[in-house]
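Asks:
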Amino acid sequence: MELLPHAHSFFAPWLVIQIVYAALTSLSQRNLKRRIAYSSVSHMGFVLIGIGSITNLGLNGAILQMISHGREPKLKFQ
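Residue numbers for the sequence shown follow the numbering used here, beginning at 132 and rising by one.
Structural data, given as structure tokens:
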């Protein structure tokens with residue numbers, strides 16, 4: 132039983148806009164920390180879409196994205 136069964140269809144277009152906006156803003160940044168911050172916001176949009184889908188594939192993809200998102204900065208700055 133879902134809490135809000137039609138919320139995903141309402142929020143998904145806004146999340147796609149947020150993902151594209153954060154990615155384009157990330158490309159325009161010259162400061163590396165800001166670039167990583169905006170790309171992190173973009174990546175978390177994918178996580179929210181996966182969680183909002185409430186399917187096994189979406190939830191597994193969101194978990195995989197969060198794990199890879201947590202390891203990526205450590206590998207970049209070692």
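Glycine included, each C-beta is placed from N, C-alpha and C at the ideal position.
Looking only at its own chain, which residues have a Cβ that is under 7 angstroms from the Cβ of S184, when we skip the five neighbours before and after it?
Replies: Along the sequence shown, read from residue 1 onward, the residue named residue 184 stands at position 53. Contacts found: H139.
Asks: Please identify the residue among I167, P144, L158 whose C-alpha is closest to the C-alpha of K205.
Replies: Counting from one through the sequence shown, the residue named residue 205 turns up at place 74. When each option's Cα is compared against that of K205, the closest is I167.
Asks: Leaving aside the five residues before and after I150 along the sequence, list all residues of the same chain whose C-beta is less than 7 angstroms from its C-beta, in chain order.
Replies: Sequence index remark: in the sequence shown, residue 150 carries index 19 (1-based). For I150, where only same-chain residues beyond five positions count, the Cβ hits under 7 angstroms are S173, G176, F177.
Asks: Could you check if I180 is buried or exposed, using at least 16 other CB atoms within 10 Å of its CB as the buried criterion?
Replies: The count along the sequence shown starts at 1 and reaches residue 180 at position 49. Per the 10 Å Cβ criterion, buried.
Asks: Taking the CB atoms as reference points, tell me whether A169 and T156 lie closer together than 8 angstroms.
Replies: Translated into positions along the sequence shown, residue 169 becomes position 38. Translated into positions along the sequence shown, residue 156 becomes position 25. The question names Ala, but residue 169 in the sequence shown is Tyr. Yes, these two residues count as a Cβ contact at 8 angstroms.
Asks: Is A154 close to chain C, meaning its C-beta is less than 8 angstroms from at least one C-beta of that chain?
Replies: Among the chains in the structure shown there is no chain C, since it carries only a single protein chain.
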